[in-house]
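J.: A single structure is presented below for examination.
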Amino acid sequence: MNTDFIEALAEIEREKGISKDLLIDAIEAAMISSYKRNFNTAQNVRVDINRQTGLIKVYARKTVTEEVLDVRLEISIDAARDINPNYQLEDIVEIEVTPRDFGRIAAQTAKQVVTQRIREAERGLIYNAFIDKEEDIVTGILQRQDQRNVYVDLGKVEAVLPIGELMPTDKFKQGDRIKAYITKVENTTKGPQIILSRTHPGLLKRLFELEVPEIFDGVVEIRSVAREAGFRSKIAVHSRNAEVDPVGSCVGPKGMRVQTIVGELRGEKIDIVRWMESVEEYVANALSPSKVIEVQVFESEKMARVIVPDYQLSLAIGIKGQNARLAAKLTGWKIDIKSETQAEQEYGRPKTYNEEMHQDSITID
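For the sequence shown, our numbering begins at 1 and goes up steadily by one.
Right under this line is the structure:
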């Protein structure tokens with residue numbers, strides 16, 4: 001060890017942000033273990049590295065006693081006072097025991113410690129960089145794939161995209177660029193682990209936030225998202241400015257904004273509906289593209305009975321119940337859909353109200 005070593009540690013401190021003093025403390029602690037292991041001793045020792053010169057010394061630490069039972073750990077009061085007359089019982093005496101060839105062992109130990117600390121620091125920097133991106137979108141390159149996961153290169157780290165988090169319409173090959181949503185960032189013993197998803201509702205929400213300036217600026221807000229990835233999604237939006245149309249803002253000029261999102265989601269259909277404070281109006285909007293005649297709300301059960309024209313019943317329910325299921329997820333209300341004829345037969349409702357409720361929504365294929 002010499003001044004070049006100390007300067008190298010100072011350079012690491014400047015470039016990696018790892019404190020030189022912390023590095024030296026770690027090297028000293030590691031050298032104690034190396035000394036005991038290489039010189040087969042159980043005595044208490046202290047390693048000291050001079051912060052200016054890099055000179056290394058090893059000191060045996062012995063307790064002053066009247067009767068020495070273990071020469072590796074104890075020193076008599078007489079022997080101690082031969083070194084310094086001021087020593088008292090129970091004091092600690094340090095005697096230099098630096099081996100002649102300890103420099104080689106010290107250099108090897110220092111290299112291992114510094115390498116490990118640099119690796120830990122870099123992992124820490126990567127973790128800190130990505131923990132702030134949790135619940136955000138990242139773009140990476142597909143590196144490889146196995147039966148369980150797709151591995152995506154994000155630059156400084158490889159992220160994991162489980163096969164189950166891919167959309168049914170996703171078809172990727174090695175080298176393709178992938179846009180995905182970060183669901184979790186963990187700091188493991190092997191370094192940061194980043195978990196991605198292409199099916200999470202958050203992906204749809206963040207795509208709208210990035211694509212629609214009114215959402216990014218906070219004028220339009222996303223109140224709820226319901227998604228069956230790769231097939232259909234519903235998103236409820238609300239404007240804080242009465243002069244700004246939230247649905248129109250999301251659609252964009254000639255539908256360009258929403259079509260960009262549909263393209264990223266491999267053709268996933270998106271229903272954009274206006275969020276309403278009135279449950280009746282909100283549920284009616286959520287059932288887009290179906291027309292609604294009436295919504296009856298049952299607060300105690302948090303259930304809404306929706307009456308639709310006979311010819312709209314299958315559309316309101318959707319293929320395999322998808323439209324109704326998504327509307328229920330979007331609103332948080334149970335939805336019971338009846339045709340006019342069913343409502344008349346089951347509840348005695350007169351079939352006289354033929355006007356449809358006004359709905360504010362749009363469906364993008």
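Even for Gly, the Cβ is constructed at its ideal location relative to N, Cα and C.
1) Report the three-state DSSP secondary structure of A327 (helix, strand or coil).
2) Using 10 angstroms around the beta-carbon of F216, count the other beta-carbons present and answer buried if the total reaches 16, otherwise exposed.
3) Applying the 10 Å Cβ sphere with the 16-neighbour rule, what's the burial state of I319?
4) Return the first residue and the last residue of the beta strand (DSSP E) that D153 is part of.
5) For V220 versus E211, is the C-beta spacing smaller than 8 Å?
6) Does the stretch 185–204 come within contact of the stretch 152–164, defined as at least 3 CB pairs closer than 8 Å?
7) In this structure, how does DSSP classify S300 when only helix, strand and coil are distinguished?
8) Closer than 8 Å, CB to CB, is V113 near chain C or not?
9) If you follow the beta strand (DSSP E) that Q366 is part of, which residue opens it and which one closes it?
10) Is K171 helix, strand or coil when you go by DSSP?
11) Using the Cα positions of T109 and Y127, report the straight-line distance between them to the nearest angstrom.
12) Can you pull the DSSP bridge partners for G191?
13) Quick one: what does DSSP say A242 is sitting in, helix, strand or coil?
14) Helix, strand or coil: how does DSSP classify L287 here?
15) May I ask you to report which of helix, strand or coil DSSP gives R72?
16) Beta strand (DSSP E) containing I92: first to last residue?
17) Do A236 and S249 have their C-beta atoms within less than 8 Å of each other?
18) What does DSSP give as the partner residue(s) for S249 in the beta ladder?
19) My output table needs one value for T115: the three-state DSSP class, helix, strand or coil.
T.: For this structure:
1) Taking the first residue of the sequence shown as position 1, residue 327 is located at position 327. If DSSP states are grouped into helix, strand and coil, A327 belongs with the helices.
2) Translated into the one-based positions of the sequence shown, residue 216 becomes position 216. Label assigned to F216: exposed.
3) Along the sequence shown, one-based indexing puts residue 319 at 319. By the neighbour-count rule (16 or more Cβ atoms within 10 Å), I319 is not buried but exposed.
4) If you number the sequence shown from 1, residue 153 lands on position 153. N149 to D153 is the extent of the beta strand (DSSP E) around D153.
5) The count along the sequence shown starts at 1 and reaches residue 220 at position 220. The count along the sequence shown starts at 1 and reaches residue 211 at position 211. Not a contact, by the Cβ cut-off of 8 Å.
6) yes
7) Counting from 1 along the sequence shown, the entry for residue 300 is found at position 300. S300: helix per DSSP, three-state reduction.
8) Considering every chain present, this structure includes no chain C. It has just one protein chain.
9) The structure shown does not extend to residue 366, since the chain spans only 1 to 365, so no value can be given for it.
10) Counting from one through the sequence shown, the residue named residue 171 turns up at place 171. Residue state, collapsed to three classes: coil.
11) The residue given as residue 109 occupies position 109 in the sequence shown. The residue given as residue 127 occupies position 127 in the sequence shown. T109 and Y127: Cα-Cα distance of roughly 27 Å.
12) Position 191 of the sequence shown holds residue 191. Paired residues: T188.
13) Within the sequence shown, numbered from 1, the residue matching residue 242 stands at position 242. If DSSP states are grouped into helix, strand and coil, A242 belongs with coil.
14) If you number the sequence shown from 1, residue 287 lands on position 287. Looking at L287 - three-state DSSP - the assignment turns out to be coil, as it is neither helix nor strand.
15) Counted from its first residue, the sequence shown places residue 72 at position 72. Coil.
16) Mapped onto the sequence shown, residue 92 falls at position 92. From DSSP, the beta strand (DSSP E) with I92 extends over I92 to E96.
17) By one-based count along the sequence shown, residue 236 stands at place 236. By one-based count along the sequence shown, residue 249 stands at place 249. No, the Cβ-Cβ distance between A236 and S249 is not below 8 Å.
18) Your numbering for residue 249 matches position 249 in the sequence shown. None, per the DSSP bridge assignment.
19) Position 115 of the sequence shown holds residue 115. In this structure, T115 counts as helix in the three-state DSSP scheme.
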